[in-house]
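With my numbering applied, the sequence shown covers 5 to 178. Glycine is no exception: its CB is placed at the ideal position from the N, C-alpha and C atoms. Keep in mind the model is a prediction, meaning the values are calculated, not measured. The block underneath contains the structure these notes are about, expressed in structure tokens.
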Amino acid sequence: RINALSFYEMTFKALPYLEASKGHIFATSSMAGEIPSSFSNIYTSTKHAVNGFFYSLQQELLARQSPVGVTVGALGFILTDDLDAIYGEDKSLFPSFAQGDVHVCATGMMDSLIIRPRTFTYPFIANKLQRLLWYLNPYYQEMIINSMPIETVDRLLNTMKEQSEIRGFQKGNF
Numbered sequence: 005r006i007n008a009l010s011f012y013e014m015t016f017k018a019l020p021y022l023e024a025s026k027g028h029i030f031a032t033s034s035m036a037g038e039i040p041s042s043f044s045n046i047y048t049s050t051k052h053a054v055n056g057f058f059y060s061l062q063q064e065l066l067a068r069q070s071p072v073g074v075t076v077g078a079l080g081f082i083l084t085d086d087l088d089a090i091y092g093e094d095k096s097l098f099p100s101f102a103q104g105d106v107h108v109c110a111t112g113m114m115d116s117l118i119i120r121p122r123t124f125t126y127p128f129i130a131n132k133l134q135r136l137l138w139y140l141n142p143y144y145q146e147m148i149i150n151s152m153p154i155e156t157v158d159r160l161l162n163t164m165k166e167q168s169e170i171r172g173f174q175k176g177n178f
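Okay, structure coming up:
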């Protein structure tokens with residue numbers, strides 16, 4: 005509910021005020037909403053819903069010639085305190101070019117309020133490459149998963165299960 009429905013509710017309530025002030029919406033989302041992501045099916049499905057909603061809203065606002073802009077933040081692996089707690093020193097699953105700095109990301113998000121791009125992608129190179137690979141060869145993720153040692157797959161599944169329990173997904177609070 006929080007990862008999807010709260011976005012809809014807030015947006016519908018704020019839209020009249022944003023129209024009056026020629027405001028801008030920055031929808032913080034995830035690359036998991038752009039392409040499928042293994043080991044996080046509930047999170048990925050809610051981010052697809054968020055992206056679908058805001059990309060559709062973009063088009064509707066453009067068609068109405070509304071002064072309100074919408075930027076969807078397609079964020080990848082950002083080195084936040086939460087991720088540090090999950091992965092600790094072992095970030096070996098993510099090459100250094102795919103790890104985003106939280107301060108650089110925040111600056112880009114703020115710049116988006118002025119520049120008003122339709123999508124803000126960060127880390128830029130890693131996420132653009134991910135999108136390109138997905139569109140050209142949807143099986144590339146299978147190749148990555150199949151090349152992982154079973155211990156890595158088990159560790160990822162256990163980490164996602166623990167995070168789901170901590171965040172209350174087991175109770176349907178998504």
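In the three-state scheme derived from DSSP, where H, G and I count as helix and E and B as strand, residue 8 is classed as coil.
Residue burial annotation: residue 26 is exposed, with fewer than 16 other C-beta atoms found within 10 angstroms of its C-beta. DSSP places residue 111 inside the alpha helix (DSSP H), whose first and last residues are 106 to 119. DSSP links residue 29 through a beta bridge to 74. By the Cβ neighbour-count rule, residue 111 is exposed, with fewer than 16 other Cβ atoms within 10 Å of its own. Burial of residue 47 is indicated by the presence of at least 16 other C-beta atoms within 10 angstroms of its C-beta. A straight line joining the alpha-carbon of residue 115 with that of residue 90 spans about 29 angstroms.
Under the three-state reduction of DSSP output, residue 16 falls in the helix class.
In the structure shown, residue 62 falls within a helical segment according to DSSP collapsed to helix, strand and coil.
As DSSP reads the structure, residue 126 sits in a beta bridge with 79. Distance from the Cα of residue 11 is smallest, within the candidate group 131, 73 and 58, for 58.
Taking 8 angstroms as the cut-off, the beta carbon of residue 81 is found no closer than this to the beta carbon of residue 101. By the Cβ neighbour-count rule, residue 106 is exposed, with fewer than 16 other Cβ atoms within 10 Å of its own.
A distance of 8 angstroms or more separates the beta carbons of residue 33 and residue 17.
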